[in-house]
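Okay, so here's the structure we're looking at.
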Amino acid sequence: MGLPYEAHLINIGQGDQFAPDFLNIAPNNRMPAIVDPDGPGGAPVSVFESGAILMYLARKTGQFYGASERDRIAVEEWLMWQMGGVGPMAGQAHHFLKYAPEDIAYAKDRYRGEVARLYAVLDRRLAEHRYVAGDFYSIADMAIWGWASLWEGQEQTLEDKPHMARWLKELWDRPALRRGRALHADLRGDKSDTWVQTDLLRLSVAQQS
């Protein structure tokens with residue numbers, strides 16, 4: 025969006041999310057959250073929840089929200105679809121497939137299957153439109169890509185979802201998305217993030233040559 029920013033890491037392993045200063049910004053002690061020093065009327069404003077942040081920044085900059093009311097309806101539909109569907113279901117899939125202390129077959133099957141259903145919905149949508157809200161890149165694409173790009177960790181396949189695969193690659197080719205995904209990737213240490221790891225490998229090879 026072309027806005028200056030400063031990233032602050034919250035170490036959930038150390039309980040940073042429960043610090044009073046962070047709770048003043050994000051009362052649900054979850055990331056992400058932002059503070060805009062130049063908020064409405066020129067006064068600082070804090071915003072928590074990813075969907076609210078994206079909508080706020082889109083309104084502030086006049087970008088990635090569509091050009092008409094019909095566009096904005098489509099953006100909000102698919103943004104809410106991510107917030108109410110893909111995000112929660114993919115998050116639970118990650119938990120039970122990768123982190124749960126017990127092997128619960130029902131939970132694994134439940135969330136793996138629901139994520140598969142949601143990605144089939146996404147693939148059908150992208151069969152008819154370049155982006156999720158239409159022919160323009162929007163905050164809905166931004167929100168969905170973050171979870172959808174982790175399809176391997178959710179034990180999904182793209183073999184039967186060519187349109188989703190095309191969309192994932194097309195968005196990854198956007199320089200701003202690559203910069204955002206790589207931000208502090210070394211500190212996050214997520215070796216399962218194949219998108220970023222591929223870029224980090226290229227960077228390492230380039231630095232050694």
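In case it helps, our numbering puts the sequence shown at residues 25 to 233.
Just so it is clear, CB atoms sit at the ideal spot from N, CA and C, and this is done for glycine as well.
Please report the distance separating the alpha-carbon of residue i from that of residue j.
i           : j           : result
residue 194 : residue 85  : 23 Å
residue 130 : residue 139 : 14 Å
residue 40  : residue 75  : 22 Å
residue 47  : residue 53  : 6 Å
residue 42  : residue 69  : 20 Å
residue 115 : residue 79  : 22 Å
residue 87  : residue 62  : 17 Å
residue 148 : residue 67  : 43 Å
residue 23  : residue 31  : Since the displayed the chain opens at 25 and closes at 233, residue 23 lies outside it and no answer follows.
residue 111 : residue 180 : 15 Å
residue 190 : residue 169 : 12 Å
residue 134 : residue 109 : 13 Å
residue 174 : residue 93  : 31 Å
residue 208 : residue 100 : 29 Å
residue 203 : residue 124 : 31 Å
residue 56  : residue 152 : 31 Å
residue 127 : residue 120 : 8 Å
residue 240 : residue 44  : The displayed coordinates of the chain run from 25 to 233. Any statement about residue 240 would go beyond what the structure contains.
residue 23  : residue 65  : Residue 23 lies beyond the residue range present for the chain, which begins at 25 and ends at 233; the question has no answer from this structure.
residue 72  : residue 34  : 14 Å
residue 192 : residue 172 : 8 Å
residue 197 : residue 58  : 26 Å
residue 8   : residue 98  : Outside the modelled stretch of the chain, which goes from 25 to 233, sits residue 8, for which no answer is possible.
residue 199 : residue 132 : 35 Å
Comparing C-alpha positions only, which one of the options sits nearest to residue i?
i           : options               : result
residue 91  : 124, 159 and 42       : 159
residue 183 : 144, 29, 49 and 137   : 144
residue 102 : 161, 120, 62 and 50   : 161
residue 186 : 177, 170, 207 and 146 : 146
residue 96  : 82, 109 and 106       : 82
residue 142 : 123, 122 and 107      : 107
residue 177 : 208, 167, 118 and 211 : 118
residue 188 : 150, 127 and 205      : 150
residue 137 : 113, 123 and 155      : 113
residue 26  : 201, 152 and 123      : 201
residue 89  : 199, 59, 164 and 72   : 164
residue 50  : 172, 77 and 192       : 77
residue 104 : 28, 192 and 167       : 167
Using DSSP's beta-bridge definition, name the partner residues of residue i.
i           : result
residue 57  : 72
residue 158 : 155
Hey, does residue i have any beta-carbon neighbour from chain D nearer than 9 Å?
i           : result
residue 141 : Of the chains in the structure shown, none is chain D; there is only one protein chain.
Original post:
Along the chain, which unbroken stretches of the alpha helix (DSSP H) at least 4 residues long are found entirely within the segment 96-139?
Top reply: Entirely contained in the segment 96-139, the alpha helix (DSSP H) runs reaching 4 residues are, in chain order, 111-118.
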